[in-house]
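Worksheet for the structure shown next.
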Amino acid sequence: MCRPEHFTVSYRINPWMHPQDPTNTAKAIEQWTTLYDTFVGLGHDVHLIDPLEGLPDMVYTANGGFIIGGIAYGARFAYPQRSPEGPAFMHWFADNGFEVVEPERVNEGEGDILLVGPRILAGTGFRSTVESHAELAGIYGREVVSLTLVDPRFYHLDTAISVLDPLEDDENANIAYVPAAFDDASRRTLETLYPDAIIVSEEDAGILGLNSISDGYNIVIAKRAVGFEKQLRERGYNPIGVDLSELLLGGGGVKCCTLELRR
Ligand code: ARG
1 MCRPEHFTVS YRINPWMHPQ DPTNTAKAIE QWTTLYDTFV GLGHDVHLID
51 PLEGLPDMVY TANGGFIIGG IAYGARFAYP QRSPEGPAFM HWFADNGFEV
101 VEPERVNEGE GDILLVGPRI LAGTGFRSTV ESHAELAGIY GREVVSLTLV
151 DPRFYHLDTA ISVLDPLEDD ENANIAYVPA AFDDASRRTL ETLYPDAIIV
201 SEEDAGILGL NSISDGYNIV IAKRAVGFEK QLRERGYNPI GVDLSELLLG
251 GGGVKCCTLE LRR
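Now the structure itself:
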């Protein structure tokens, strides 16, 4: 995670961002701290990367890379405003014992790359390129399923899909998603691969309710996503709501603020 010390909205690279509207950095830090404390309380081992001045989006660490088995595939950002974050995260990975693979192709890390059981779901359409999906498959030697996002509100895959079961060896790992985020072919792919998926309303997804972190039982979600919360409870999960309204002004939620370090 990265403390939002320099958080603000000074440019617009997604429809959530309105640079003309004020942001409150102190409030962002306060809400982020609640998320941090929630993770620590659940027993997660949370590491921090130093925030860099001039990189207000660095709090969204999910975009900093993608890691399985200690191998970190670096990020290459679509917009110049965020591109210095790529090397900053790669340095952190190297300093913390991860093997770093420098990306050739544009990809925004776990924002668009989700590990669901042994399979990788990879998003394209707004940020990460489909060529990065091939690069990923080559690095990890795993099945990579490309999904095309079509709704600008859901510009990263982690705004449209929630991974409910995080274990790599779980062949039955399930997801929740909002169908409206995807083109027809991707919707059909998801229906085939995940017939038991939780289908989330546009209302809940529209406040980035799907942008969540699960340990397989406890799922940290947006507090306002009350429909999704109920759906999760019905399936035997334990949803925990956190309010990140200030960070939503940059277009990010719980998952965006979190990068999973899979050793
Ligand atoms: N303002 C950031 C951007 O547009 C938000 C990133 C949200 N991160 C995510 N994983 N969805 O890049």
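As numbered in our numbering, residues 1 to 263 make up the sequence shown, in order.
Note that beta-carbon positions come from the ideal geometry of N, C-alpha and C, so glycine has one too.
Given the structure is predicted, the values throughout are model-derived calculations rather than measurements.
With 16 as the cutoff for other CB atoms within 10 Å, does residue 31 come out buried or exposed? buried
So, are the CB atoms of residue 247 and residue 4 less than 9 Å apart? Yes; because the gap between Cβ atoms is below 9 Å, this pair is in contact.
Give me the Cα-Cα distance between residue 218 and residue 43, rounded to the nearest whole angstrom. 11 Å
Closer than 7 Å by C-beta to residue 166: which residues in its own chain qualify, once you throw out the five before and the five after it? Chain order, please. 214, 215 and 216
Exposed or buried, residue 156, counting other C-beta atoms within 10 Å across all chains shown (16 or more means buried)? buried
Cβ-based burial, residue 255 [other Cβ within 10 Å; buried from 16]: Label assigned to residue 255: buried.
Does the beta-carbon distance from residue 232 to residue 159 come in below 9 Å? no
Local conformation of residue 212 per DSSP, three classes: coil
Here's a check: name, in chain order, each residue in its chain whose Cβ is nearer than 7 Å to the Cβ of residue 121, leaving out the five neighbours to either side. 114, 145, 147, 157 and 161
Hey, does residue 164 have any beta-carbon neighbour from chain D nearer than 9 Å? Structure shown: chain D not included; a single protein chain is present.
Rounded to a whole number of angstroms, what is the C-alpha to C-alpha distance between residue 183 and residue 151? The alpha-carbon atoms of residue 183 and residue 151 are separated by roughly 9 Å.
Just verifying my parser: in three-state terms, what is the DSSP assignment at residue 83? Here residue 83 carries a coil assignment [DSSP, helix/strand/coil].
DSSP on residue 66, reduced to helix/strand/coil? strand
Using only the heavy atoms of the ligand ARG, determine whether one of them is closer than 8 Å to the beta carbon of residue 1. no
Three-way DSSP call (helix, strand, coil) for residue 119 in this model: strand
Among residues of its own chain, excluding the 5 on either side of residue 66, which ones have a beta-carbon nearer than 6 Å to its beta-carbon? 73, 109, 110 and 113
Nearest-angstrom Cα separation, counted from residue 102 out to residue 95: 15 Å
Per-residue DSSP class, three states only, for residue 98: coil
For residue 229 and residue 212, the rounded distance between their alpha carbons: 11 Å
Per DSSP, which one or two residues make a beta bridge with residue 235? Looking at the DSSP assignment, residue 235 forms no beta bridge with any residue, so it has no partner.
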